[in-house]
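Numbering-wise (the working numbering), the sequence shown opens with residue 272 and increments by one.
C-beta atoms are modelled at their ideal positions from N, C-alpha and C, and glycine is treated no differently.
On a predicted model such as this, the values are computed, not experimentally measured, just so you know.
One structure is given here, and the rest of the page talks about it.
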Amino acid sequence: MAIPSTVILGTGSYTPKRVLTNDELSKQVETSDEWIRTRSGIRERRIAGPGESTSDMAVFAAQAALADAGLTAADIDLLVVATVTPDLPLPATACIIQHKLGVPSHAACFDLNAACSGFIYGLDTACAMLSSGRYRKALVIGAEKLSSIVDWKERTTCVLFGDGAGAVVVGCSEEPNVGLLGTKLGAYGDSVELLWIPKGGSNSPATAESIAAGDHFMKMKGKEVFKLAVRAMDEAARDILEQHSIHPDQIGLVIPHQANLRIIEAISKYLNLPMDRFFVNVDRYGNTSAASVPLALDEARKAGRIKKGDYTLLVAFGAGLTYGSALIRW
Ligand code: ACO
272 MAIPSTVILG TGSYTPKRVL TNDELSKQVE TSDEWIRTRS GIRERRIAGP
322 GESTSDMAVF AAQAALADAG LTAADIDLLV VATVTPDLPL PATACIIQHK
372 LGVPSHAACF DLNAACSGFI YGLDTACAML SSGRYRKALV IGAEKLSSIV
422 DWKERTTCVL FGDGAGAVVV GCSEEPNVGL LGTKLGAYGD SVELLWIPKG
472 GSNSPATAES IAAGDHFMKM KGKEVFKLAV RAMDEAARDI LEQHSIHPDQ
522 IGLVIPHQAN LRIIEAISKY LNLPMDRFFV NVDRYGNTSA ASVPLALDEA
572 RKAGRIKKGD YTLLVAFGAG LTYGSALIRW
């Protein structure tokens with residue numbers, strides 16, 4: 272029996288109302304709108320309101336994706352949540368979202384941590400599970416409240432991140448050569464310490480000293496991450512295109528992880544594909560980690576930048592350092 276295609280049936284996204292501008296940040300740490308814009312392309316980011324959790328943002332994004340697909344939570348039997356900012360260390364945020372959304376108890380629900388590549392990892396996982404024939408409809412969500420793990424006194428990181436969520440509904444189709452055509456996933460585990468939260472896990476549980484030292488906040492070696500990110504995203508993009516004998520010029524739109532405009536510009540140069548084929552919203556949201564790709568995908572679809580028959584390339588990298596690409600035909 273032929274393996275069915277796995278297709279995106281709907282997309283949705285949510286960002287908190289609170290906008291934090293570069294000018295506001297420059298009153299909190301020694302930075303400037305000019306520095307942030309020229310180094311990263313970011314103008315502003317969204318910050319979750321008091322009491323607004325990762326699961327709350329995920330639920331709004333998921334409801335929008337379900338409405339877009341013409342389905343309800345009752346149709347979902349697989350819920351995958353990519354996040355590095357779960358509501359709680361235990362249990363999975365997917366279970367909290369399941370309850371808030373009303374996804375039935377027979378659905379498989381779990382979290383997945385591949386940082387900013389998490390959504391592409393989650394999409395690949397969900398599609399493989401759907402292809403097995405054991406699941407029918409999946410919700411794949413990328414949701415983050417990075418404002419909760421950013422050190423707001425540390426200018427080298429706090430200017431880069433924001434909060435938000437994006438979601439897709441995935442199902443099977445008998446139509447050949449559509450949907451998720453393939454992925455390339457990988458990781459450089461020798462570079463864990465380039466981007467991490469050093470304390471607070473099982474290896475070194477939080478102590479009064481570690482909290483006072485700010486070791487439960489995200490730490491990043493920006494320059495090294497930048498170089499590895501460009502290399503990993505370029506290779507992941509090339510690899511998936513080569514696997515499917517697709518020339519970069521055949522790609523209608525690239526949805527890159529929105530970490531830094533200069534990283535996206537470098538990929539555009541390496542792939543020899545003009546910037547107008549890249550969807551960019553990093554200026555408005557900053558880096559929202561696992562939410563970044565599905566949020567951009569939803570905005571791109573709603574802006575009419577993706578049409579039936581188009582090829583779309585998703586490409587991301589993140590802490591781990593993980594990387595991933597996905598080739599989709601609509
Ligand atoms: N405002 C003003 N000056 C600053 C700021 C700031 N916010 N941050 C750093 N600086 C200073 C530095 O202290 C340094 O000063 P010095 O030369 O006196 O030492 C100077 O600016 C230059 O700093 P660099 O780190 O060399 O700046 P760079 O051009 O590399 O840009 C940046 C920094 C934006 C962080 C860049 O390296 C980058 O984007 N790296 C990739 C980060 C990334 O994508 N992370 C996301 C990973 S995905 C995930 O999983 C979360």
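For this session: Would you check if the stretch 532–543 and the stretch 495–510 touch, i.e. whether three or more CB-CB distances between them fall below 8 Å?
Result: yes
For this session: Count the other CB atoms, across all protein chains shown, that sit within 10 Å of the CB of HIS528; report buried if there are 16 or more and exposed otherwise.
Result: Along the sequence shown, read from residue 1 onward, the residue named residue 528 stands at position 257. The residue in question, HIS528, is buried, as its Cβ has 16 or more Cβ neighbours within 10 Å.
For this session: In the DSSP assignment, find the beta strand (DSSP E) that holds LEU589 and state where it starts and stops.
Result: Working through the sequence shown from its first residue, we reach residue 589 at position 318. Checking the sequence, you will find Gly at residue 589 rather than Leu. 582–589 is the extent of the beta strand (DSSP E) around GLY589.
Problem set entry | Element boundaries [beta strand (DSSP E), containing GLU464] | In the sequence shown, counting from the first residue as 1, residue 464 sits at position 193. Element bounds for GLU464: n/a, residue is neither H nor E.
For this session: Consider the C-beta atom of ARG502 and the heavy atoms of the ligand ACO; say whether any pair is separated by less than 6 Å.
Result: Taking the first residue of the sequence shown as position 1, residue 502 is located at position 231. Incorrect: ARG502 has no Cβ contact closer than 6 Å to the ligand ACO.
Problem set entry | Rounded straight-line distance, which links the Cα of LEU296 to that of CYS290 | For this step, residue 290 is matched to residue 19 along the sequence shown. For this step, residue 296 is matched to residue 25 along the sequence shown. What sits at residue 290 in the sequence shown is Val, not Cys. Taking the straight line joining both Cα atoms gives about 11 Å.
Exercise. Are SER596 and LYS490 touching if we call contact CB-CB under 7 Å?
Worked result: The residue you call residue 596 lines up with position 325 of the sequence shown. The residue you call residue 490 lines up with position 219 of the sequence shown. Not closer than 7 Å, so no.
For this session: Report the three-state DSSP secondary structure of ILE522 (helix, strand or coil).
Result: Translated into the one-based positions of the sequence shown, residue 522 becomes position 251. Strand, per DSSP.
Exercise. Any heavy atom of the ligand ACO closer than 6 Å to the CB of LYS494?
Worked result: Taking the first residue of the sequence shown as 1, we reach residue 494 at position 223. LYS494: yes, Cβ under 6 Å from the ligand ACO.
Exercise. What are the boundary residues of the beta strand (DSSP E) that includes CYS380?
Worked result: On the sequence shown, position 109 is the one that residue 380 refers to. 379–383 is the extent of the beta strand (DSSP E) around CYS380.
Problem set entry | DSSP bridge partner residues for ASN558 (one or two, in chain order) | Counting from one through the sequence shown, the residue named residue 558 turns up at place 287. PHE432.
For this session: Could you tell me whether the stretch 370–379 touches the stretch 418–435, where touching means 3 or more Cβ pairs closer than 8 Å?
Result: no
Exercise. Between the beta-carbon of GLY312 and the beta-carbon of ALA438, is there less than 7 Å?
Worked result: Along the sequence shown, one-based indexing puts residue 312 at 41. Along the sequence shown, one-based indexing puts residue 438 at 167. No.
Problem set entry | Inter-residue spacing [alpha-carbon to alpha-carbon] between ALA345 and SER418 | The sequence position of residue 345 within the sequence shown is 74, counting from 1. The sequence position of residue 418 within the sequence shown is 147, counting from 1. C-alpha separation (whole angstroms): 32 Å.
For this session: Check whether the Cβ of PHE488 sits closer than 6 Å to any heavy atom of the ligand ACO, and report yes or no.
Result: As a first step, residue 488 must be located in the sequence shown, where it is residue number 217. No; taking the cut-off as 6 Å, the Cβ of PHE488 has no heavy atom of the ligand ACO nearer than that.
Exercise. Secondary structure at PHE390, three-state DSSP: helix, strand or coil?
Worked result: The residue you call residue 390 lines up with position 119 of the sequence shown. Helix.
For this session: Figure out for me which residue from LEU342, ASP505 and ALA561 has the closest Cα to the Cα of GLY281.
Result: The sequence position of residue 281 within the sequence shown is 10, counting from 1. Considering only alpha carbons, the answer is LEU342.
Exercise. Which residue or residues does DSSP assign as beta-bridge partners of PRO527?
Worked result: The sequence position of residue 527 within the sequence shown is 256, counting from 1. The partner list for PRO527 (beta bridge, DSSP) reads VAL586.
Exercise. Chain D beta carbons: is any one of them nearer than 7 Å to that of THR282?
Worked result: No chain D is part of this structure, which consists of one protein chain only.
For this session: Would you check whether the ligand ACO has a heavy atom nearer than 6 Å to the C-beta of ARG310?
Result: Here the question's residue 310 lines up with position 39 in the sequence shown. For the ligand ACO, at least one heavy atom lies less than 6 Å from the Cβ of ARG310.
Problem set entry | Beta-carbon proximity list for SER403, same chain, < 7 Å, skipping 5 on both sides | Position 132 of the sequence shown, counting from 1, holds the residue named residue 403. Closer than 7 Å at Cβ, skipping near neighbours: no residue.
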